[in-house]
Each structure stands twice: as structure tokens, then as C-alpha cells.
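Enquirer: Counting from 1, position 79 in the sequence shown corresponds to residue 79 in UniProt numbering; the numbering is continuous, with no gaps. C-beta atoms are modelled at their ideal positions from N, C-alpha and C, and glycine is treated no differently. All figures in this text were calculated on a predicted structure; none of them were measured in a lab.
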Amino acid sequence: MSRATDNSHTAAFEAARDFAEHGLKVLPCHTVAADGRCTCGKADCNSPGKHPRTPNGLTNATTDERALLHWDASFPGANWAAAVGNIVSVVDIDAKHGRDSGEVIGALGLTGPVVWTGEATDGPLAGTRGAHVYCSPGARTVT
1 MSRATDNSHT
11 AAFEAARDFA
21 EHGLKVLPCH
31 TVAADGRCTC
41 GKADCNSPGK
51 HPRTPNGLTN
61 ATTDERALLH
71 WDASFPGANW
81 AAAVGNIVSV
91 VDIDAKHGRD
101 SGEVIGALGL
111 TGPVVWTGEA
121 TDGPLAGTRG
131 AHVYCSPGAR
141 TVT
């Protein structure tokens, strides 16, 4: 798949495009608004910013470049998710307790691709980032 690259897309969208280029189906998800609520509009949303924006959820996930560009235009600033199923295992590292995610990855001996996630902007964890590490299914993740 060839694609044009410009500066109008978010880093999250570019990561989604990269996943799609490697055969992983992706889809846009809701985000968390400045007031802390999910952009789905449900006051009691139990998964703010972490569920699909598409009408059929994960079944809409695709690698199609045109669909991705359409969604990016329709949902600017969306979170993006990969529908990984049994293709890969994802280790989610949330550095909420002050530990550096890079150190955790090294300590666990994780060697898969890493996508760095949110970064705290203030407080005792300012600058600390989480990570998603993509591993082969069944890969040993705990020593």
C-alpha cells in the first residue's frame, strides 16, 4: 500500500496507518473530552475513550487506506485501536506508580514493537508514559 504523508494527521493516526500497512485491521475510537467525559456522550460511559466510534465496532476494523482517511477526516483527533484478536498479544504497561515503562519492558524481557501511550502532564508522575508492547501469541511475558 503506498501512501502520501503530510503533517495534517496525528501521530495516533499515523501509527494506525502503519499497523494497517502491516496487515492489522484498525478503527477509530472515542476520546476523553477536556471535562473528563467520553466523546460518545453517555454520562455513565464505563470505558471513556476506549471504545469504537464505528457503528459495528470491531467488525468495522479494516486495513483499507481510503476508509482510514475517511475516518480520520470524520473523527479528527480520534484514538485508534488495532483489532488484534489471536494475531498478537498486547502487554499494556501503565506507569501509574512512578516506574519508568522502559525499565518495566526491560525487566520483563519484552522484545516486541512498542507504542508509547499517554504522558502525565503534571503531578508526581509528570512526564511518565505508558506503553503497549506487541508480542507473538503465547510469548512469555512474566519472568
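In whole angstroms, what is the alpha-carbon distance linking A61 and P28?
Expert: Within the sequence shown, residue 61 is the residue found at index 61, counting from 1. Within the sequence shown, residue 28 is the residue found at index 28, counting from 1. Approximately 8 Å between the Cα atoms of the pair.
Enquirer: Beta strand (DSSP E) containing L27: first to last residue?
Expert: Working through the sequence shown from its first residue, we reach residue 27 at position 27. Where L27 is concerned, the enclosing beta strand (DSSP E) stretches over 26-29.
Enquirer: Within 10 angstroms of the Cβ of K42, are there 16 or more other Cβ atoms? Answer buried if so, exposed if not.
Expert: Here residue 42 is taken as the residue at index 42 of the sequence shown, counted from 1. With fewer than 16 Cβ atoms within 10 Å of its Cβ, K42 is classed as exposed.
Enquirer: Exposed or buried, S8, counting other C-beta atoms within 10 Å across all chains shown (16 or more means buried)?
Expert: Working through the sequence shown from its first residue, we reach residue 8 at position 8. The residue is exposed, with fewer than 16 neighbouring Cβ atoms inside 10 Å.
Enquirer: Which stretch, first to last residue, makes up the alpha helix (DSSP H) that contains R17?
Expert: Your numbering for residue 17 matches position 17 in the sequence shown. From DSSP, the alpha helix (DSSP H) with R17 extends over 11-21.
Enquirer: Given this structure, state the Cα-to-Cα distance separating T63 from A81, to the nearest angstrom.
Expert: Here the question's residue 63 lines up with position 63 in the sequence shown. Here the question's residue 81 lines up with position 81 in the sequence shown. Spanning the two alpha carbons is a distance of roughly 12 Å.
Enquirer: Quick check on DSSP: helix, strand or coil for S47?
Expert: What you label residue 47 is simply residue 47 of the sequence shown in a count that begins at 1. Of the three classes helix, strand and coil, the one that applies to S47 here is coil, per DSSP.
Enquirer: My guess is that I105 and V133 are in contact by the Cβ rule of under 8 Å, so how many angstroms apart are they, rounded?
Expert: Indexing the sequence shown from 1 puts residue 105 at position 105. Indexing the sequence shown from 1 puts residue 133 at position 133. That pair is a contact at about 6 Å.
Enquirer: Under DSSP, the beta strand (DSSP E) around G106 begins and ends at which residues?
Expert: For this step, residue 106 is matched to residue 106 along the sequence shown. Element bounds for G106: not the beta strand (DSSP E) but the alpha helix (DSSP H), 101-108.
Enquirer: Based on the DSSP output, what are the partners of D92 in its beta bridges?
Expert: For the purposes of this step, residue 92 is taken as the residue at position 92 of the sequence shown. Answer is H132, bridged to D92.
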